[in-house]
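S.K.: Residue 281 in this note's numbering is what sits at position 275 of the sequence shown, and the numbering runs on without skipping anything. Note that beta-carbon positions come from the ideal geometry of N, C-alpha and C, so glycine has one too. Encoded as structure tokens, here's the structure I'll be asking about.
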Amino acid sequence: MLNIKKENIINESVQNILCNWEYILDTLNSGKRYENKEIIYSNINKKKRFNLTAYSIRNKNGIITGVVVMFKDMMNVYNLVNKYTGMIATYTFDDIVGKSEKFIKVMRQAKKISNSPSTVLIQGESGTGKELIAHSIHNNSNRKNNSFVAINCGAIPKSLIESELFGYEEGAFTGAKRGGYAGKFELASGGTLFLDEIGEMPLDMQVNLLRVLQEGFFIRIGGNRYINIDVRIIAATNKDLKAEVKKGTFREDLYYRLSVIPICVPPLRERPEDIEILIGHFLNTKSIKLNKAIPNIESDLYEELINYSWPGNVREIENCIENIVNMDGNVSLNFETKFFDKQQQNLNRNNLELELCSLAQLEKKAIINCIQKCNGNITKVSKILGINRSTLYSKIKKYNIILKR
């Protein structure tokens, strides 16, 4: 653990190994306990951080005759804390589904850079799966057995974000926790720190973050010692950070520091081929989650699902399918209203086209629409339009209307 050979320390003073040994011994001599204290051990190669507990061994007269010292690697401590506080990556690339060329390209890129220590910037609209990609990169990397710590930069008050990232020492400010507080950089040591909604980070904090990324160490609030970081940074945003740089709301130097490896996740409307496979995927997963049979979806509703633009992207389609599973293949009124705006837009657009077209164009549109409604049954079409079959055929020929067989 300490990388010291036993022959090099037998009969040596403990002070030569633990620089703060005198303080530890004074604490024990005073009758106080020395438990769960964080120390930094330095050797020739590098510094390591440990959680240290020391117990005194006393004779019958109460005099200390020996001390038992127990070390715990702080990385193991943090990993244990993260395990029981949910700070682990739960998704892998197998959880992300799609078949479009754009989707496959993004997945191929994300897998390729998984083991790189370089910073990654994932950009995409809300609901496109940026967090799932961050989880998957971590779980596909050589850091997968260490912590994955996420922080939402837009959800933390400006006054708290520095302490959340870098932690603080005991007594750093009024209300500070006894024993201090380990920030997200410390908790993610050896693993991955996911900075979600990085575009919401205040400008003054962007300066501090940039400094840490450049120098590779930081100081806790109220502290006086440097803490080296071994963290892989993945950031995500639904904003166009280049545009934010031009507006002056995001630092240009931080943007370039974060976007060493940029990954752009396309919205669903740019990869409609993925909608059908997502519907099938969520029908399966939601049925298992809700302990219900996979429902049969009416063809009209299924067609609407396929043709909908999904402005909320994958998150919206996931919630919609959960609604359908709950309703046993039907859909609640709340979901039906999702399509109203789109249908109204189409209606308005069609009305506008009708207002601006000639009589011949109007006649052609009427014939085409009627043929579609009647599934190509010419007899029905002629009755609805009030013309005989021969006249209808002549107009079909005149307007070059193709009949589907």
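Would you grab the beta carbon distance between F172 and G189 for me? Rounded to a whole angstrom, and I think it's under 8 Å.
M.R.: Right, their Cβ atoms sit about 4 Å apart.
S.K.: Measuring alpha carbon to alpha carbon, tell me which of I128, G37, M207, I327 ends up nearest P272.
M.R.: That would be I128, whose Cα lies nearest to the Cα of P272.
S.K.: What does the Cβ neighbour count give for E131, buried or exposed, with the cut at 16 atoms within 10 Å?
M.R.: Buried, since its Cβ has 16 or more Cβ neighbours within 10 Å.
S.K.: Counting along the chain, where does the alpha helix (DSSP H) carrying M207 start and finish?
M.R.: Neither: M207 is in no alpha helix (DSSP H) and is coded neither H nor E.
S.K.: Which of the three DSSP states is assigned to Y40 in this structure?
M.R.: Y40: strand per DSSP, three-state reduction.
S.K.: So, at 6 Å on beta carbons, what are the nonlocal neighbours of S169 in its own chain, with the 5 sequence-adjacent residues on each side left out?
M.R.: I227, listed in sequence order.
S.K.: Could you tell me whether the Cβ atoms of L201 and I157 are closer together than 8 Å?
M.R.: Contact flag set, yes.
S.K.: By how many angstroms is the C-alpha of Y314 removed from the C-alpha of L260?
M.R.: Answer to the nearest angstrom: the Cα atoms are 37 Å apart.
S.K.: Mapping the DSSP letters down to three states, classify D280 as helix, strand or coil.
M.R.: Note: D280 maps to helix in three-state DSSP.
S.K.: Relative to the C-alpha of N234, which candidate in I225, R263, Y40 has its C-alpha closest?
M.R.: Here the closest residue by C-alpha is I225.
S.K.: Could you give the C-beta distance for K117 and F99, rounded to a whole number, given that I count them as a contact under 8 Å?
M.R.: About 6 Å; that satisfies the 8 Å criterion.
S.K.: Kindly give me the distance between the Cβ atoms of N35 and I70, rounded to whole angstroms, as I take these residues to be in contact under 8 Å.
M.R.: Going by Cβ atoms, the distance from N35 to I70 rounds to 7 Å, so yes, they are a contact pair.
S.K.: I think I323 touches L284, with their Cβ atoms under 8 Å apart; what is that distance to the nearest whole Å?
M.R.: With a Cβ gap of about 5 Å, I323 and L284 count as contacting.
S.K.: Bridge partners of F200, per DSSP?
M.R.: F200 is bridged to A156, I240.
S.K.: Output the distance between the C-alpha atoms of K183 and E175, rounded to the nearest integer angstrom.
M.R.: The straight-line gap from Cα to Cα measures roughly 8 Å.
S.K.: DSSP puts G72 in a beta bridge; with which residues?
M.R.: The partner list for G72 (beta bridge, DSSP) reads I63.
S.K.: Just checking, does the region 134-152 make contact with the region 249-263 on the three C-beta pairs under 8 Å criterion?
M.R.: The region 134-152 vs the region 249-263: no contact.
S.K.: For G286, is the classification buried or exposed, using 16 other Cβ atoms within 10 angstroms of its Cβ as the cut-off for buried?
M.R.: The residue in question, G286, is exposed, as its Cβ has fewer than 16 Cβ neighbours within 10 Å.
S.K.: Is the Cβ-Cβ distance between L274 and N244 less than 8 Å?
M.R.: No, Cβ-Cβ distance for L274 and N244 is not below 8 Å.
S.K.: Distance, Cα to Cα, I119 vs V331?
M.R.: Rounded to whole angstroms, I119 to V331 spans 37 Å at the Cα level.
S.K.: Are there 16 or more other CB atoms within 10 angstroms of the CB of M207, so buried, or fewer, so exposed?
M.R.: With 16 or more other Cβ atoms within 10 Å, it is buried.
S.K.: Out of D306, L365, W316, which has the shortest C-alpha to C-alpha gap to N336?
M.R.: The shortest Cα separation from N336 among D306, L365, W316 belongs to D306.
S.K.: Can you tell me whether DSSP reads F179 as helix, strand or coil?
M.R.: DSSP places F179 in coil when its eight states are reduced to three.
S.K.: To the nearest angstrom, how far is the alpha carbon of G382 from that of W316?
M.R.: Those two C-alpha atoms are separated by around 31 Å.
S.K.: Could you give the C-beta distance for N96 and L264, rounded to a whole number, given that I count them as a contact under 8 Å?
M.R.: The residue asked about is misnamed: residue 96 is Thr in this sequence, not Asn. In fact, because the Cβ distance is near 24 Å, the residues do not count as touching under 8 Å.
S.K.: For D280, count neighbouring Cβ atoms within 10 angstroms of its own Cβ and tell me buried if that reaches 16, exposed if not.
M.R.: D280 comes out buried.
S.K.: Kindly indicate which residue of D210, K136, C326, L289 has the alpha-carbon position closest to the one of N302.
M.R.: Ranking the options by Cα distance to N302, first place goes to L289.
S.K.: Within the continuous alpha helix (DSSP H) that includes V331, where are the two ends?
M.R.: V331 -> alpha helix (DSSP H) spans 319-332.
S.K.: If you count every other CB in all the chains shown that lies within 10 Å of the CB of F179, and 16 or more means buried, which is it?
M.R.: F179 should be labelled exposed.
S.K.: Can you give the Cα-Cα distance for N329 and T134, rounded to whole angstroms?
M.R.: Between N329 and T134, the C-alpha separation is close to 19 Å.
S.K.: For a test of the three-state rule: what should DSSP assign to V218, helix, strand or coil?
M.R.: In this structure, V218 counts as helix in the three-state DSSP scheme.
S.K.: Taking DSSP's pairing of strands, which residues face V387 in a bridge?
M.R.: Answer is none; V387 lacks a bridge partner.
S.K.: When you compare only the Cα positions, how much space is there between R64 and V74?
M.R.: Approximately 11 Å between the Cα atoms of the pair.
S.K.: If you draw a straight line from the C-alpha of G254 to the C-alpha of D246, how long is it?
M.R.: The alpha-carbon atoms of G254 and D246 are separated by roughly 13 Å.
S.K.: By a C-beta neighbour count over all protein chains shown, 10 Å radius and 16 as the cutoff for buried, is E107 buried or exposed?
M.R.: Classification for E107: exposed.
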